[in-house]
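7 is the number of the first residue of the sequence shown in the numbering used here; add one for each residue after it. Cβ coordinates follow ideal geometry from the N, Cα and C atoms, glycine included. In what follows, a structure is listed as structure tokens, so that the remarks can point back to it.
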Amino acid sequence: MQAASRRPDPPPYRTNDYAPVIASTLAWLVAVIVLLTRHDEMARHGQGWWLWVAVVGFALGLWGMVLVAIHHRVAARRAGRRDPDGD
7 MQAASRRPDP
17 PPYRTNDYAP
27 VIASTLAWLV
37 AVIVLLTRHD
47 EMARHGQGWW
57 LWVAVVGFAL
67 GLWGMVLVAI
77 HHRVAARRAG
87 RRDPDGD
């Protein structure tokens, strides 16, 4: 395709980056709570490590929220440096 006949790129699609991170973090929190109530029984059957999987999943979700916040801050800073013409 020739450069003259190419249409301009569409603007970036805005999404709610926090929604999936918050939803999955809350799901891990629910898993932690459920597994805490069953931990003794599961530990007797050699499955006590499941609790720690959920704890790590929850911790990684919290870290994900921090990363999304950093990403938004950097993107806002970059957008502030652009020319008004979008170049």
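**OP:** Label A60 either buried or exposed according to how many other C-beta atoms from any shown protein chain fall within 10 Å of its C-beta, with 16 as the threshold for buried.
**Re:** buried
Subject >> Simplified DSSP assignment, three categories, for D93 >> reply: Low local confidence applies: a pLDDT of 44 at D93 is under 50, so the model's placement there is unreliable, with the coordinate-based value given in what follows. Looking at D93 - three-state DSSP - the assignment turns out to be coil, as it is neither helix nor strand.
**OP:** Please classify G52: is it buried, with 16 or more other beta-carbons within 10 angstroms of its beta-carbon, or exposed?
**Re:** exposed
Subject >> N-terminal and C-terminal residue of the alpha helix (DSSP H) that H51 is part of >> reply: Taken as a continuous stretch (DSSP letters only), H51 belongs to no alpha helix (DSSP H), as it is neither H nor E.
Original post:
Looking at C-alpha atoms only, which residue of T21, D46, P17, S11 is the closest neighbour of H78?
Top reply: T21
Original post:
So, using beta-carbon positions, are A81 and G63 closer together than 8 Å?
Top reply: no
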